[in-house]
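Note sheet for the following structure.
Number of protein chains: 2
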Amino acid sequence: MKDKVEIGLMGLGVVGVGVENALREKVEDFAKQVGAPLVVKRILVRDPSKKRACQVQPHLLTTNPQHIFDDPGIDIVVEVIGGESPAYDYIKEALSRGKHVVTANKEVIAKHGFELLSLAAEHNVALLYEASAGGGIPLISPLRHDLLANKVSAIHAIINGTTNYILTKMALEDVDFTAALREAQELGYAEADPASDVEGIDAAYKLAILAALAFQTQVLPGDVYHEGISRLAARDFCYAKELGYTVKLLAIAKREDNTFQVRVHPTFIPDDLLLAKVNGVFNAVQIDGDLTGRILFYGQGAGALPTSSAILADVVRLAQNMSQGSSPMPRVQMDQTMAAKPISEIETRYYLRMTVADRPGVLAQITRVLGELLISISSVIQKEVDERAQSAEIVIMTHPARERAMQQAVSEMGKLEAVREISNLVRVED
Amino acid sequence: MKDKVEIGLMGLGVVGVGVENALREKVEDFAKQVGAPLVVKRILVRDPSKKRACQVQPHLLTTNPQHIFDDPGIDIVVEVIGGESPAYDYIKEALSRGKHVVTANKEVIAKHGFELLSLAAEHNVALLYEASAGGGIPLISPLRHDLLANKVSAIHAIINGTTNYILTKMALEDVDFTAALREAQELGYAEADPASDVEGIDAAYKLAILAALAFQTQVLPGDVYHEGISRLAARDFCYAKELGYTVKLLAIAKREDNTFQVRVHPTFIPDDLLLAKVNGVFNAVQIDGDLTGRILFYGQGAGALPTSSAILADVVRLAQNMSQGSSPMPRVQMDQTMAAKPISEIETRYYLRMTVADRPGVLAQITRVLGELLISISSVIQKEVDERAQSAEIVIMTHPARERAMQQAVSEMGKLEAVREISNLVRVED
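Structural data, given as structure tokens:
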């Protein structure tokens with residue numbers, strides 16, 4: 563039994579400060595839960611002179627990561643630097659030196675999790691990453707432990723708060739994408755360069771992490787098809803509402819025999835789904851298990867405090883094991899041999915909006931293209947007519963169709979003389 | 563490292579059959595996750611000749627619990643008998659004999675959890691009870707592990723599927739309580755004697771279990787105030803809707819300095835709360851943590867498969883620890899000294915519906931009673947007038963008031979000559 567558990571903290575940004583503050587303010591709680599105090603021994607920073615919202619003793623700060631790796635007293639390294647480099651190298655080094663690692667780094671875990679987990683096992687230490695997806699919502703631990711008896715068939719997740727904030731604004735307040743994004747930036751919900759959020763890259767990292775655990779197989783960010791929300795227009799939200807759907811940026815993972823599909827894209831989901839009611843910066847992850855049926859976890863997916871909650875849960879878990887002299891956590895199983903299915907092979911329903919010439923026979927031409935590709939139509943709306951431009955807007959909802967066929971249909975319809983514009987193609991989940 | 567983990571199953575009802583089936587059907591999955599096969603060695607039943615929906619080998623069945631206690635090979639006892647007696651004695655005996663226990667028994671855990679957890683610690687074994695609250699929704703484990711860094715300030719839970727089914731019917735299909743209950747019984751969602759569900763007793767057990775973990779203190783079923791749903795009338799649902807609320811049987815736990823309040827009763831909650839969208843037999847538990855902020859867990863709170871999922875998660879967790887030769891789980895901390903606050907001392911908002919004589923000055927009399935007890939009114943609706951009976955219906959929403967004062971007000975208003983009936987008093991949570 564150790565008389566204290568010493569921590570090396572790498573990074574003292576917003577999340578790092580949150581972790582440091584909580585460890586200091588809750589020192590007695592944690593000591594009671596662990597059976598020994600948790601002590602931050604060293605903190606890696608880039609600039610020790612920078613002003614920070616915490617009361618760190620200056621002698622703890624270092625700019626040299628070796629001060630953490632070389633310290634035999636440090637049992638747990640908490641990495642909250644973010645980004646791939648140098649965090650990836652630091653995590654690798656810490657594990658190799660026999661230190662447990664707790665990280666919030668979605669990019670490193672999504673890209674290198676498989677390798678790093680093997681490295682951790684090799685050195686008989688643990689790599690925990692609850693904070694890498696879903697912020698303060700317990701997700702990794704439920705998938706690793708609580709849902710272990712289940713075969714997970716599907717995950718549907720709103721896993722990026724920035725885009726959900728923008729989509730909520732667009733849906734409820736009828737503002738356009740640019741205005742909603744600007745507001746999100748002003749409120750600090752979106753970054754100056756919003757590409758990673760808006761293009762679905764952030765969500766793709768998180769989905770890769772969750773799908774790997776759910777399907778117990780390696781899932782790489784490159785396996786995840788992703789498409790952003792910037793093409794969505796106010797009229798898409800109007801049609802969605804009329805049809806009984808809500809528009810969300812969904813991260814979807816599905817298991818199918820020996821393959822899986824992973825994709826992030828704007829999605830029409832039925833209004834009466836609980837997921838459709840998840841608004842603003844909140845995240846929610848819906849999981850279908852063969853025993854549990856459908857379950858859903860909801861909460862704040864980002865922010866210093868929620869992320870600290872996840873990091874500290876991992877730290878306390880490790881420290882409890884350590885202070886009781888037990889062996890490391892059960893290994894993460896990721897040895898199923900499943901292949902990712904390319905997006906062209908998936909089957910789903912589609913919403914298609916287009917502008918066409920307002921004259922007889924146009925709808926027949928369009929439906930012929932769809933019919934020849936075996937895409938069957940579930941409903942058609944044609945109502946917006948622009949008399950001056952002599953054009954009309956057509957919205958088609960399809961039955962389930964193959965993505966490859968749908969893309970070919972879009973391409974062929976685009977060549978029809980009567981089709982002025984294919985305005986949007988959005989996938990539908992029921 | 564053990565070459566197999568042997569299980570003694572006590573009870574082979576609906577849940578027991580679910581557990582046995584899953585263990586058999588998923589034997590290879592579990593063996594891989596644990597590192598050793600999980601084997602059901604003995605099954606305690608009352609009647610070995612009874613037909614059951616599983617393929618148990620008859621020689622595993624026994625009617626003598628000692629066959630399980632006395633078997634040194636059995637590491638884990640799974641108790642799915644239900645009810646207080648004899649399950650409580652069996653769990654105690656199993657722990658005393660140095661066996662880990664996994665149970666789905668809310669009544670035993672709510673009433674005796676504190677004692678049983680101490681007994682488990684004394685004998686260096688674990689008592690796990692994920693299935694005792696919320697069925698397949700991970701709740702116990704998140705509270706024990708994932709949310710450990712948080713100070714939980716409140717739990718608001720829909721934790722009884724039967725009553726949520728009935729309330730959903732009443733709200734959406736405008737049927738009355740008796741008809742909704744009958745339908746729930748026909749569908750197997752409610753028992754022939756529905757008292758435990760309908761009166762909030764089942765929810766009170768589960769709330770005691772969750773609150774004890776959230777506040778890390780002992781909470782007994784007797785601490786939980788409970789009130790059933792049978793007094794709710796169709797008109798209460800109409801007024802709720804008009805006022806922007808949904809009616810739910812809520813299990814509420816709140817921390818206040820050194821006291822806590824725990825109560826189960828019909829509650830008006832704002833329509834826009836995610837909890838208000840939880841319909842049918844589904845459960846949801848909303849937890850407010852100081853770091854996470856608000857999170858919510860949603861899923862099926864009952865049924866053989868969801869309950870099996872929770873039981874098996876506990877079994878696999880123990881078996882993993884065992885097969886890796888590590889020490890038992892971290893102890894559950896319940897040593898805060900907090901007292902339960904009696905219901906008379908709580909402060910909340912109220913919805914009050916009454917029938918009064920339709921003549922001038924009556925509202926003044928009523929508001930005088932409320933005013934004298936320092937209960938301030940937030941809104942009044944008076945619209946239903948029965949001309950023949952010369953009576954009117956008044957609905958009052960109050961600002962936060964003390965329960966004791968409110969009960970006194972109800973009693974005094976009931977004595978007013980002009981008040982024909984106090985039809986309902988429902989607490990409001992915002």
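Taken in order, these protein sequences are the chains called L and S.
Take 563 as the starting number for the first sequence in my numbering and just add one per residue.
Take 563 as the starting number for the second sequence in my numbering and just add one per residue.
Note that beta-carbon positions come from the ideal geometry of N, C-alpha and C, so glycine has one too.
Query	Result
Integer Cβ distance of residue 699(L) from residue 830(L), believed to fall under 8 Å	Between residue 830(L) and residue 699(L) the Cβ distance is about 24 Å, and since that is not below 8 Å, they are no contact.
Per-residue DSSP class, three states only, for residue 902(L)	strand
Buried or exposed (CB count within 10 angstroms, at least 16 for buried), residue 712(L)	buried
Completely contained beta strand (DSSP E) runs for the stretch 644-701 of chain L, where each covers 3 or more residues	662-665
Residue 784(L) classed as buried or exposed, judged by whether at least 16 other C-beta atoms fall within 10 angstroms	exposed
Where the beta strand (DSSP E) through residue 745(S) begins and ends	Element bounds for residue 745(S): not the beta strand (DSSP E) but the alpha helix (DSSP H), 739-748.
Contact set between residue 707(L) and chain S, taken where Cβ atoms lie within less than 7 Å	703, 875 and 879
Distance between residue 804(S) and residue 791(S) (C-alpha atoms, nearest Å)	20 Å
Runs of alpha helix (DSSP H) wholly within the stretch 576-634 of chain L (minimum 4 residues, chain order)	576-587, 589-596 and 628-631
Segment limits, alpha helix (DSSP H) that includes residue 930(L)	924-934
Sub-9 Å separation of residue 854(S) and residue 868(L) beta-carbons	yes
Residue 580(S) classed as buried or exposed, judged by whether at least 16 other C-beta atoms fall within 10 angstroms	buried
Endpoints, the beta strand (DSSP E) within which residue 957(S) is located	953-960
Residues of the stretch 848-859 of chain L with Cβ closer than 7 Å to any Cβ of chain S, in chain order	851, 853, 854, 855, 856, 857, 858 and 859
Cβ neighbour criterion (16 or more within 10 Å) applied to residue 707(L)	buried
Buried or exposed (CB count within 10 angstroms, at least 16 for buried), residue 692(L)	buried
For residue 938(S), the three-state DSSP class (helix, strand or coil)	coil
Environment of residue 709(L) [buried if 16+ CB atoms lie within 10 Å]	buried
Residues that residue 584(L) contacts on chain S, provided the C-beta gap is smaller than 8 Å	711 and 853
Cα-Cα separation, residue 873(L) to residue 642(S)	35 Å
Boundaries (first-last residue) of the beta strand (DSSP E) holding residue 828(L)	821-832
Classification of residue 977(S) by the beta-carbon crowding that lies within 10 angstroms, buried from 16 upward	exposed
Neighbour list for residue 862(S) in chain A, Cβ cutoff strictly below 9 Å	The displayed structure is made up of protein chains L and S, and chain A is not among them.
Residue 582(S), buried or exposed, once every other Cβ within 10 Å from all chains shown has been counted against 16	buried
Any chain S beta carbon closer than 9 Å to residue 931(L)	no
Chain-ordered neighbours of residue 882(L) on chain S, where CB pairs are closer than 7 Å	892
CA-to-CA distance, residue 984(S) to residue 928(S), given in whole angstroms	11 Å
Beta bridge counterpart(s) of residue 782(L) as assigned by DSSP	Paired residues: none, contrary to the question.
Residues near residue 774(L) in its chain [Cβ-Cβ closer than 8 Å; skip 5 each side]	675, 676, 780, 781 and 896
Residue 721(L) and residue 768(L) closer than 9 Å at C-beta	yes
Other residues of its chain near residue 569(S): CB distance less than 8 Å, five sequence neighbours each side excluded	585, 600, 601, 602, 603, 636, 637, 638, 639, 640 and 877
Contacts that residue 628(S) makes with chain L (C-beta to C-beta distance below 8 Å)	Chain L residues near residue 628(S): none, gap ~29 Å exceeds 8 Å.
Rounded separation between residue 610(S) and residue 592(S) - CA only	27 Å
Neighbour flag for residue 962(S) against chain L, beta carbons, 9 Å	no
6 Å Cβ shell around residue 816(S) - same chain, five flanking residues per side excluded	716 and 823
Which of helix, strand or coil DSSP assigns to residue 753(L)	coil
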